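Numbering (the working numbering), first residue to last: 42 to 185. The C-beta atom is built at its ideal place from N, Cα and C for all residues, glycine as well. Bear in mind that the values here come from a model prediction, so they are computed numbers and not experimental data. Here the structure comes first, spelled out in structure tokens, and everything after it is commentary.
Okay, structure coming up:
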């Protein structure tokens, strides 16, 4: 379950808040005490479901502060409207207008005129050593 909210545009790019409820194999919420590290990377997405293997240079494997993005208890506020259970992961991401290399943003995707697709990928390393990957696919349109 995931929610994307508060997409705003600035000269640097698009800011979005990504939210999710993260659970273990038994359906119990994963909290900060269960996670050793969280790495975030931003990938260009061709729009056909296949994202590039190379992360945007500015967002390659950036370590996040666990206590700022992952919560011990499920939260339910006005930003979460997926269900009544709530979320325990929340992170604001900047989708850049121009890649770090100075090259233009990806070409428009076939999904819509003027739209560009990205994948925000999180790798959670749990205290057990197990890694879990969580992905958000984001389509940015020039109308936004």
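Per the coordinates, the alpha-carbon of residue 164 lies some 13 Å from the alpha-carbon of residue 110. Judged by DSSP secondary structure, residue 110 falls within the alpha helix (DSSP H) whose first and last residues are 107–110. Residue pairing of residue 67 in beta bridges, as defined by DSSP: absent, with no partner found. 166 is the residue among 120, 166, 127, 63 whose C-alpha sits nearest the C-alpha of residue 102.
DSSP places residue 113 within a strand segment (E or B) once states are collapsed to three. A direct Cα-Cα distance of roughly 17 Å separates residue 182 from residue 59.
In the DSSP annotation of this structure, the continuous segment of the beta strand (DSSP E) that includes residue 137 starts and ends at 128–137. Counting the other CB atoms within 10 Å of its CB gives residue 76 a total of 16 or more, which places it among the buried residues. DSSP places residue 175 in the uninterrupted beta strand (DSSP E) bounded by 172–181. Judged by beta-carbon spacing, residue 161 lies within the 8 Å limit of residue 134, meaning their Cβ atoms are closer than that value.
Residues 62, 115, 116, 117, 121 of the same chain have their beta carbon placed closer than 7 Å to that of residue 127, with the five preceding and five following residues left out of the count.
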